[in-house]
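For the sequence shown, the residue numbers in numbering that gives the first Met the number 0 are 0 to 265.
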Amino acid sequence: MADTPESEYKFLETILAPRGPGYWDATTCHNPSIKVVDGKYCLFFMGNSNGKTNTKRIGLATADSLDGPWTRPDEPLLLPGPEGAWDDHCTTNPAFVKHPNGQYWLFYKSWNTKEYETSTDPLVKGNRKYGLAIADKLEGPYIKYDGNPVIDFSGRGNNAQLEDAFVWLDRGRFRMLARDMGVFNHQYGLYMESKTGKKWGEPEIGYFNADYYHINQPPPPKYLNKYGRFERPQLLFQNGKPTYMFTTSQGGKYMTASPFIFKIES
């Protein structure tokens with residue numbers, strides 16, 4: 000908690016944590032994205048049951064107040080596709096918007112298990128794409144869009160892909176920030192727009208790495224191979240406008256994972 004976006008943040012409490020054997024979110028509970036929807040605080044997150052990528056699932060916890068209590072789901076919000084589908088491996092990295100037509104839209108990342116297991120790419124196994132699932136109620140059921148995946152960079156070559164999407168609506172258009180995984184490089188962020196949310200325009204550079212912003216850091220230890228790149232961008236909106244971008248990176252105060260906050264000036 001902090002008094003302003005740029006003030007010192009103080010830890011208050013843990014509201015979600017792995018629940019242990021027998022639960023879908025037994026071993027992991029992270030990747031949060033929180034929004035106010037229908038007067039409720041909605042915390043979208045990812046959990047898994049075995050510590051591996053193939054049980055990653057999206058969940059939704061809700062509360063009437065940031066102080067809780069939080070209602071935690073007994074079942075995931077969205078399941079992977081059938082064997083052989085582009086999204087048969089997992090559902091993760093949730094990005095949510097309430098559509099002006101009243102529907103609830105959930106964007107999610109996934110990839111194909113066979114491609115992941117047989118990949119020869121020396122950098123990243125498999126090819127991460129984004130799909131869309133739509134519901135008439137916040138709690139679901141979420142039905143996958145027939146035209147999925149809505150974002151697929153695999154045809155660009157070099158195993159180009161993306162992850163960590165954040166989606167919002169502004170002036171009648173869908174807008175997205177995401178982490179680049181080979182479109183420009185593996186250090187920057189991507190920005191894209193869409194009229195429909197189902198067909199997205201050409202990606203542009205949304206943000207750069209730490210060196211670009213002249214963030215002075217000590218030389219990276221050899222074991223930190225993601226040093227200085229910003230992941231999981233989330234926007235803070237004030238008076239309906241995005242004013243700050245929150246990210247995390249290897250480096251900074253805590254080295255292995257530190258928050259970085261950028262003020263949006265335009």
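Even for Gly, the Cβ is constructed at its ideal location relative to N, Cα and C.
Among the options, the one whose alpha carbon lies nearest that of residue i
{"i": "Lys136", "options": "Met191, His98, Leu122", "result": "His98"}
{"i": "Gly130", "options": "Asn100, Ala164, Ser118", "result": "Ala164"}
{"i": "Trp85", "options": "Ile204, Ser193, Ala94, Lys108", "result": "Lys108"}
{"i": "Gly125", "options": "Gly196, Phe152, Asn100", "result": "Phe152"}
{"i": "Leu47", "options": "Phe95, Leu77, Tyr243", "result": "For the sequence presented, residue 47 should be read as Asn rather than Leu. When each option's Cα is compared against that of Asn47, the closest is Leu77."}
{"i": "Asn53", "options": "Leu15, Pro79, Lys225", "result": "Pro79"}
{"i": "Gln267", "options": "Asn215, Lys39, Ala132, Pro121", "result": "Any question about residue 267 goes unanswered here, given that the chain covers just 0 to 265."}
{"i": "Val96", "options": "Tyr226, Asp2, Tyr141", "result": "Tyr141"}
{"i": "Pro68", "options": "Phe236, Leu105, Thr13, Leu176", "result": "Thr13"}
{"i": "Leu234", "options": "Phe43, Asn224, Phe245, Thr119", "result": "Phe245"}
Residue i to residue j span [Cα, whole Å]
{"i": "Arg174", "j": "Trp167", "result": "5 Å"}
{"i": "Glu74", "j": "Trp23", "result": "7 Å"}
{"i": "Ala256", "j": "Leu189", "result": "21 Å"}
{"i": "Ala134", "j": "Tyr144", "result": "10 Å"}
{"i": "Phe259", "j": "Ser265", "result": "19 Å"}
{"i": "Arg170", "j": "Thr195", "result": "12 Å"}
{"i": "Tyr288", "j": "Phe261", "result": "With the chain running from 0 to 265 in the structure shown, residue 288 is simply not present."}
{"i": "Gly83", "j": "Lys113", "result": "8 Å"}
{"i": "Gly250", "j": "Asp210", "result": "12 Å"}
{"i": "Pro4", "j": "Thr117", "result": "44 Å"}
{"i": "Lys240", "j": "Arg172", "result": "14 Å"}
Distance CB(residue i)-CB(residue j) smaller than 7 Å
{"i": "Gln186", "j": "Arg231", "result": "no"}
{"i": "Met45", "j": "Lys55", "result": "yes"}
{"i": "Ile57", "j": "Thr90", "result": "yes"}
{"i": "Glu203", "j": "Arg178", "result": "no"}
{"i": "Val182", "j": "Ala159", "result": "yes"}
{"i": "Glu192", "j": "Gly200", "result": "yes"}
Per-residue burial, residue i [other beta carbons within 10 Å of its own, 16 or more giving buried]
{"i": "Ala94", "result": "buried"}
{"i": "Met0", "result": "exposed"}
{"i": "Ser248", "result": "buried"}
{"i": "Ala60", "result": "buried"}
Where residue i sits in the DSSP three-state scheme
{"i": "Tyr129", "result": "strand"}
{"i": "Asp86", "result": "coil"}
{"i": "Lys124", "result": "coil"}
{"i": "Tyr103", "result": "strand"}
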